[in-house]
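According to the numbering used here, the residues represented by the sequence shown are 7 to 251, in order. Idealized CB from N, CA, C, for every residue including glycine. One structure is given here, and the rest of the page talks about it.
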Amino acid sequence: MARTNNVDRAEVERFAALASEWWDPVGKFRVLHQIAPVRIRFIRDQICSRFNRKPLDTRPLDGLTVLDIGCGGGLVAEPLTRLGARVTGIDPAGSGIEAARHHAEEQILEIDYRSATAEDLAEAGERFDAVLCLEVMEHVPDVAALVATCAKLTKAGGMMVFSTINRTAKAYLLAVVGGEYVLGWLPKGTHQWERFVTPDELARYVGEAECEIHEVRGMVYKPLFDRWSLSDDTDVNYLASALRS
Numbered sequence: 007m008a009r010t011n012n013v014d015r016a017e018v019e020r021f022a023a024l025a026s027e028w029w030d031p032v033g034k035f036r037v038l039h040q041i042a043p044v045r046i047r048f049i050r051d052q053i054c055s056r057f058n059r060k061p062l063d064t065r066p067l068d069g070l071t072v073l074d075i076g077c078g079g080g081l082v083a084e085p086l087t088r089l090g091a092r093v094t095g096i097d098p099a100g101s102g103i104e105a106a107r108h109h110a111e112e113q114i115l116e117i118d119y120r121s122a123t124a125e126d127l128a129e130a131g132e133r134f135d136a137v138l139c140l141e142v143m144e145h146v147p148d149v150a151a152l153v154a155t156c157a158k159l160t161k162a163g164g165m166m167v168f169s170t171i172n173r174t175a176k177a178y179l180l181a182v183v184g185g186e187y188v189l190g191w192l193p194k195g196t197h198q199w200e201r202f203v204t205p206d207e208l209a210r211y212v213g214e215a216e217c218e219i220h221e222v223r224g225m226v227y228k229p230l231f232d233r234w235s236l237s238d239d240t241d242v243n244y245l246a247s248a249l250r251s
């Protein structure tokens, strides 16, 4: 890989060690499986609004190129491919990419998986209609640089979609203490609270990259129903879309 200056190797190794569990819906990535419908619906609707598509069509993203940064085992890349997108999934963890390729082959899905960084693709001059950066920002040393790279990878008139965790006391209690130590939804040490990103910080980084925030929505867990839904509450998990003119 050409550049890895914005990659935390300890984080990469942490997720690489869990590669075999990506597609276990009750395993270490159970939460990502649970939030998948909410994330996919938000991504689909945001991209459709940008490109004047009908979200309820069978393949509303047909022909659009989508880059999934930090794709892991392909939990987002696969459903977007089924919606018609031509997806490129990248991740510095080679074992995760191998797991993603293997699962896509089993599902007879064509996805361009690569063991690479966002900087690699930006330097190569690659551009996409939509760039996704989901649950990645809280794991890198320089968030502003990552957002700037996402902007470079987005075609003029395209869209970026981010998903991350707000840096609030509530997020620390629920996402770190609750999610990792009490409920055991995630392995202990998965998150570092000081790396969480507030919506205002994200908006500033997006603006510095000469783009603009389009929409921000929270994701909240409803324990009585054991499911996640979109909300105006961004205190913990949130999604954001951004436009490149």
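query: Residue 28, DSSP secondary structure in three states; result: coil
query: 8 Å contact criterion, which residue 22 and residue 102 should meet: CB distance rounded; result: 6 Å
query: Inter-residue Cα distance where the pair is residue 120 and residue 43; result: 24 Å
query: Closest by C-alpha distance to residue 165, when choosing among 48, 26, 77; result: 48
query: Where residue 60 sits in the DSSP three-state scheme; result: coil
query: DSSP three-state assignment for residue 70, whether helix, strand or coil; result: coil
query: Straight-line Cα distance separating residue 123 from residue 7; result: Only weak support is given to the placement of residue 7: the predicted model assigns it a pLDDT of 36, under 50, and the value that follows is read from those uncertain coordinates. Approximately 7 Å between the Cα atoms of the pair.
query: Cβ neighbour criterion (16 or more within 10 Å) applied to residue 135; result: buried
query: Sequence ranges, beta strand (DSSP E) only - wholly within the stretch 82-163, length at least 3; result: 92-96, 118-120, 134-140
query: Unbroken beta strand (DSSP E) run spanning residue 203, endpoints; result: Where residue 203 is concerned, there is no enclosing beta strand (DSSP E), given that its DSSP letter is neither H nor E.
query: Meets three-Cβ-pair contact criterion under 8 Å: the stretch 135-150 and the stretch 206-215; result: yes
query: 8 Å Cβ shell around residue 200 - same chain, five flanking residues per side excluded; result: 173
query: Residue 6 in three-state terms, based on DSSP; result: Nothing about residue 6 can be read from this structure; the chain reaches only from 7 to 251.
query: When 69, 74, 50 are compared against residue 92, the one with the closest alpha-carbon; result: 69
query: Range of the contiguous beta strand (DSSP E) that encloses residue 222; result: 218-228
query: Proximity of residue 45 and residue 169 at Cβ, strictly below 8 Å; result: yes
query: Residue burial classification, residue 65 (beta-carbon count within 10 angstroms, cutoff 16); result: exposed
query: Terminal residues of the beta strand (DSSP E) in which residue 247 lies; result: 243-249
query: Length of the line joining the Cα atoms of residue 225 and residue 138; result: 17 Å
query: Rounded straight-line distance, which links the Cα of residue 90 to that of residue 9; result: Confidence at residue 9 is low in this model, with a pLDDT of 44, below 50, so the placement of that residue is unreliable and no value is reported for it.
query: Sequence-distant residues of the same chain with beta carbon closer than 6 Å to residue 55, five excluded per side; result: none
query: Reference residue 17, options 76, 145, 116, 115, closest by Cα; result: 145
query: 7 Å Cβ shell around residue 219 - same chain, five flanking residues per side excluded; result: 209, 212, 246, 248
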